[in-house]
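Structure first, commentary second.
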């Protein structure tokens, strides 16, 4: 899991993290309410990964390395 963001479902501050799945791509999950959603999969635009990196307070490079290392 990488990064932290606020949850729009329950209002939790810094409770959402990105989960990297080597087959399916990138998901986000809230540790407070359990809400999760698919964020990105292989074949989607790489530009969206830049947005996710900013939203979750990590660098684009860190996100790419996490995906490649999964």
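In our numbering, the protein residues as written are 1 to 70.
Even for Gly, the Cβ is constructed at its ideal location relative to N, Cα and C.
Note that the structure is predicted; figures quoted are calculated from it, not measured.
Tell me, please, which residues DSSP counts as bridged to residue i.
| i | result |
| --- | --- |
| residue 19 | 27 |
| residue 5 | 16 |
| residue 37 | 28 |
Give the straight-line distance between the Cα atoms of residue i and residue j, rounded to the nearest whole angstrom.
| i | j | result |
| --- | --- | --- |
| residue 70 | residue 22 | 5 angstroms |
| residue 12 | residue 4 | 11 angstroms |
| residue 42 | residue 34 | 24 angstroms |
| residue 58 | residue 6 | 14 angstroms |
Cα-Cα, which of the options is closest to residue i?
| i | options | result |
| --- | --- | --- |
| residue 9 | 45, 1 and 37 | 37 |
| residue 67 | 48, 6 and 26 | 26 |
Where does residue i fall in DSSP's three states?
| i | result |
| --- | --- |
| residue 58 | coil |
| residue 42 | coil |
**Message:** Contact between the segment 12-19 and the segment 29-37 is defined here as three or more beta-carbon pairs at a separation below 8 angstroms; is this criterion met?
**Reply:** yes
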